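K.L.:
Encoded as structure tokens, here's the structure I'll be asking about.
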Amino acid sequence: MRDRNSVGKRVKKTATTASWAVAGAGVGIAAGSVVAAAASGVAGYFARQVVVPVRTPEEALEIYSLFQGPSGLEIILPMTPETLMPGLYSLSFAGGEGMARIGEITSSNPADGTVSRRVEKIYSGDLNSAVRGRWTGMCYAHPNDFGFSPTEITLETELGPAPAWYVPAKPDAPSKRWAIMVHGRGPKRNEGIRALPVTHGLGMDSLLISYRNDGQAPDAPDGRYGLGSTEWRDVETAMAYAVAAGAEEIILFGWSMGGAICLQANDLSPLSTYISGLVLDGPVVDWLDVLAHQSKAYRLPGPISTLGQWMMTHPAGRWITGLAAPVDFTRMNWVSRADQLRTRTLIVHSLEDDFVPVKPAFALAAKNPQFVTLVPFARGRHTQEWNYDREKWEHVVRGWLSDVFDSPKPGRLPISA
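Numbering follows UniProt numbering, with no gaps: position 409 of the sequence shown is 409.
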């Protein structure tokens, strides 16, 4: 779940109307009816923003100018918590048609609230004519941009063909260990490119997949996110592909909602016996906590938030949300189900994550220390720990995976990669 600005601003504006309506609830029955209608409308709007895919995310970051600096092309942007964060990022623009990789900060001017950063590469679009963009952590458009040579393949999901990148560790010798990369809500499969140096270095073949409703794979019949409750079946298809190609061990990588999807695949798929570990970055391990946090962030009254959650989880809510089936948040609450998670799991999560709070991850790790390892990052925005500190992220993930491979699951023999 990644589209905070586009969801939050619209919900907040509508919620303000409902808040004023709630304040006048005592003026009479007629006014009470108006309040109820307004509250229901806001709750329904909130619920739909959670489950309806955003095809063109809002580009709210102003682009002031480009200029040639001492080290090449630079861009001037407003000073925000994102643009002031050290590391490597990207800027999408022109409705997502344009993309540029943005590097180090070269200067900042607190007096006028601007920051200059180096433009490392323009992948597509005319950045000179762009006036607004969107800051993201997906700093590579294609594995080729990071030095990897993938094969474009098609996974035959139950909904139809879904594109994926297959990145072998060795071109002529398929590995017995595979990594399957599952992106979050809003991004595309290029979100997983950041993990390729680790998986490739460990001799793992990698699949970077698309899944239903992400704009690349086929849409679900209802055109709605299941928040993990339906998307896991597309991960299962990728797992079946890997097993058919000779995989004996699979590591699922998931970012944000992709983490929730991986947890469901591990829990529900008959192929989960092949899963040796989960690597989850800023994962959703308790949707109700995330939704409550977002509601507070945008000052939604508690009853409206609760009503919106009810609409997503009750069959009667389908007429408002458009969901073919209600979402079972209880089944996806891994804090309350901590003792049922029996697969070794690494969680990387920033303490500064203001979109998916880290508290449930701490709770899960505390309840299940045998299987869950949490490595917090002091800084980094949501799922951007790698962007902020690539060296630490890769060191942590590489070390953890090496330990998993050295300690096979009970009843399974070590294998050679």
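Where is the CB? At the ideal position from N, CA and C, for every residue including glycine. In this text, all values refer to a predicted model and were calculated from it rather than measured experimentally.
Count the other CB atoms, across all protein chains shown, that sit within 10 Å of the CB of residue 129; report buried if there are 16 or more and exposed otherwise.
P.N.:
One-based indexing of the sequence shown puts residue 129 at position 129. The residue is exposed, with fewer than 16 neighbouring Cβ atoms inside 10 Å.
K.L.:
What first and last residue would you give for the beta strand (DSSP E) that runs through residue 154?
P.N.:
Position 154 of the sequence shown, counting from 1, holds the residue named residue 154. Segment 151–157, the beta strand (DSSP E) holding residue 154.
K.L.:
Taking the alpha helix (DSSP H) that residue 257 falls in, what are its first and last residues?
P.N.:
Taking the sequence shown and counting its residues from 1, one reaches residue 257 at position 257. 257–268 is the span of the alpha helix (DSSP H), which, as asked, contains residue 257.
K.L.:
Taking only runs of the beta strand (DSSP E) that begin and end inside the stretch 209–241, which ones reach a length of at least 3 residues, in chain order?
P.N.:
DSSP runs (the beta strand (DSSP E)) wholly in the stretch 209–241: none.
K.L.:
Could you tell me which uninterrupted beta strand (DSSP E) segments, each at least 3 residues in length, are contained entirely in the stretch 109–155, listed from first to last along the chain?
P.N.:
List check, beta strand (DSSP E) in window: 114–124, 132–136.
K.L.:
Taking 8 Å as the cut-off, does the stretch 337–353 touch the stretch 230–243 (at least 3 CB pairs, one atom from each stretch)?
P.N.:
Not touching, per the Cβ criterion.
K.L.:
Among the candidates 207, 154, 398, 289, whose CA atom is the shortest distance from the CA of residue 175?
P.N.:
Along the sequence shown, read from residue 1 onward, the residue named residue 175 stands at position 175. Closest option to residue 175, Cα to Cα, is 207.
K.L.:
Less than 7 Å between C-beta atoms, sequence neighbours within five positions excluded: which residues of the same chain meet that for residue 226?
P.N.:
By 1-based counting over the sequence shown, the position of residue 226 is 226. Around residue 226: 327.
K.L.:
When we look at the beta-carbon of residue 110 and count the other beta-carbons within 10 Å, is it buried (16 or more) or exposed?
P.N.:
On the sequence shown, residue 110 is found 110 positions in, with the first residue counted as 1. Per the 10 Å Cβ criterion, exposed.
K.L.:
Within a Cβ cutoff of 8 Å, which residues of the same chain sit near residue 170, ignoring the five residues on either side of it in sequence?
P.N.:
Position 170 of the sequence shown, counted from the first residue, corresponds to residue 170. For residue 170, where only same-chain residues beyond five positions count, the Cβ hits under 8 Å are 203.
K.L.:
For residue 367, which residues from the same chain have a beta carbon less than 6 Å from its beta carbon, with the 5 sequence-adjacent residues on both sides left out?
P.N.:
Position 367 of the sequence shown holds residue 367. Contacts found: 338.
K.L.:
In this structure, how does DSSP classify residue 98 when only helix, strand and coil are distinguished?
P.N.:
Locating residue 98 in the sequence shown gives position 98, where the first residue counts as 1. Here residue 98 sits in strand by DSSP.
K.L.:
Looking at the structure shown, is residue 81 part of a helix, part of a strand, or coil, going by DSSP?
P.N.:
Translated into positions along the sequence shown, residue 81 becomes position 81. Of the three classes helix, strand and coil, the one that applies to residue 81 here is coil, per DSSP.
K.L.:
On a CA-only basis, which of 101, 251, 230, 213 is nearest residue 198? Give me that one, please.
P.N.:
Within the sequence shown, numbered from 1, the residue matching residue 198 stands at position 198. Closest by alpha carbon: 251.
K.L.:
In whole angstroms, what separates the C-alpha of residue 153 from that of residue 162?
P.N.:
In the sequence shown, counting from the first residue as 1, residue 153 sits at position 153. In the sequence shown, counting from the first residue as 1, residue 162 sits at position 162. Answer to the nearest angstrom: the Cα atoms are 8 Å apart.
K.L.:
Would the stretch 62–71 and the stretch 121–139 be scored as touching if the rule is three or more Cβ pairs under 8 Å?
P.N.:
Contact holds: three or more Cβ-Cβ distances are below 8 Å.
K.L.:
Between residue 224 and residue 159, is the Cβ-Cβ spacing less than 8 Å?
P.N.:
Along the sequence shown, read from residue 1 onward, the residue named residue 224 stands at position 224. Along the sequence shown, read from residue 1 onward, the residue named residue 159 stands at position 159. Going by C-beta atoms, residue 224 is not nearer than 8 Å to residue 159.
K.L.:
Counting along the chain, where does the alpha helix (DSSP H) carrying residue 370 start and finish?
P.N.:
Residue mapping note: residue 370 aligns to position 370 of the sequence shown, counting from 1. Per DSSP, residue 370 belongs to no alpha helix (DSSP H) and is neither H nor E.
K.L.:
Within a Cβ cutoff of 7 Å, which residues of the same chain sit near residue 275, ignoring the five residues on either side of it in sequence?
P.N.:
The residue given as residue 275 occupies position 275 in the sequence shown. Counting only Cβ-Cβ distances below 7 Å, and skipping sequence neighbours, we find 250, 252, 266, 343.
K.L.:
Short of 6 Å in beta carbon distance, which residues of its chain neighbour residue 210, apart from the five on each side in sequence? Order them along the chain.
P.N.:
The sequence position of residue 210 within the sequence shown is 210, counting from 1. If we look at residue 210 and ignore the five residues flanking it on each side, its Cβ neighbours are 162, 163, 189, 216, 217.
K.L.:
If we ignore side chains and look at the alpha-carbon of each, how far apart do residue 260 and residue 134 end up?
P.N.:
On the sequence shown, residue 260 is found 260 positions in, with the first residue counted as 1. On the sequence shown, residue 134 is found 134 positions in, with the first residue counted as 1. Rounded to the nearest angstrom, the two C-alpha atoms are 24 Å apart.
K.L.:
Return the residue from the list 200, 248, 269 that minimises the CA-CA distance to residue 234.
P.N.:
Translated into the one-based positions of the sequence shown, residue 234 becomes position 234. Nearest option by C-alpha distance: 269.
K.L.:
Which residues bound the alpha helix (DSSP H) around residue 68?
P.N.:
Looking up residue 68 in the sequence shown gives position 68. Per DSSP, residue 68 belongs to no alpha helix (DSSP H); it is in the beta strand (DSSP E), 65–69.
K.L.:
Which residue or residues does DSSP assign as beta-bridge partners of residue 349?
P.N.:
The residue you call residue 349 lines up with position 349 of the sequence shown. According to DSSP, residue 349 bridges with 376.
K.L.:
Determine the extent of the beta strand (DSSP E) in which residue 289 is found, giving its start and end residues.
P.N.:
If you number the sequence shown from 1, residue 289 lands on position 289. Here residue 289 belongs to no beta strand (DSSP E); instead the alpha helix (DSSP H) covers 287–297.
K.L.:
Where do the ends of the beta strand (DSSP E) carrying residue 177 lie?
P.N.:
Translated into positions along the sequence shown, residue 177 becomes position 177. Here the beta strand (DSSP E) through residue 177 covers 177–182.
K.L.:
Can you tell me where the alpha helix (DSSP H) with residue 197 in it begins and where it stops?
P.N.:
Within the sequence shown, the letter at position 197 stands for residue 197. Counting along the chain, the alpha helix (DSSP H) containing residue 197 begins and ends at 196–201.
K.L.:
Restricting to Cα atoms, I'd like to know which of 349, 381, 389 is closest to residue 373.
P.N.:
Residue mapping note: residue 373 aligns to position 373 of the sequence shown, counting from 1. The shortest Cα separation from residue 373 among 349, 381, 389 belongs to 349.
K.L.:
Quick check: the Cα distance between residue 318 and residue 142, rounded to an integer number of angstroms?
P.N.:
In the sequence shown, counting from the first residue as 1, residue 318 sits at position 318. In the sequence shown, counting from the first residue as 1, residue 142 sits at position 142. Distance between the alpha carbons of residue 318 and residue 142 is about 37 Å.
K.L.:
Measuring CB to CB, does residue 395 end up less than 8 Å from residue 256?
P.N.:
Residue mapping note: residue 395 aligns to position 395 of the sequence shown, counting from 1. Residue mapping note: residue 256 aligns to position 256 of the sequence shown, counting from 1. Their beta carbons are not under 8 Å apart, which means residue 395 does not touch residue 256 by this criterion.
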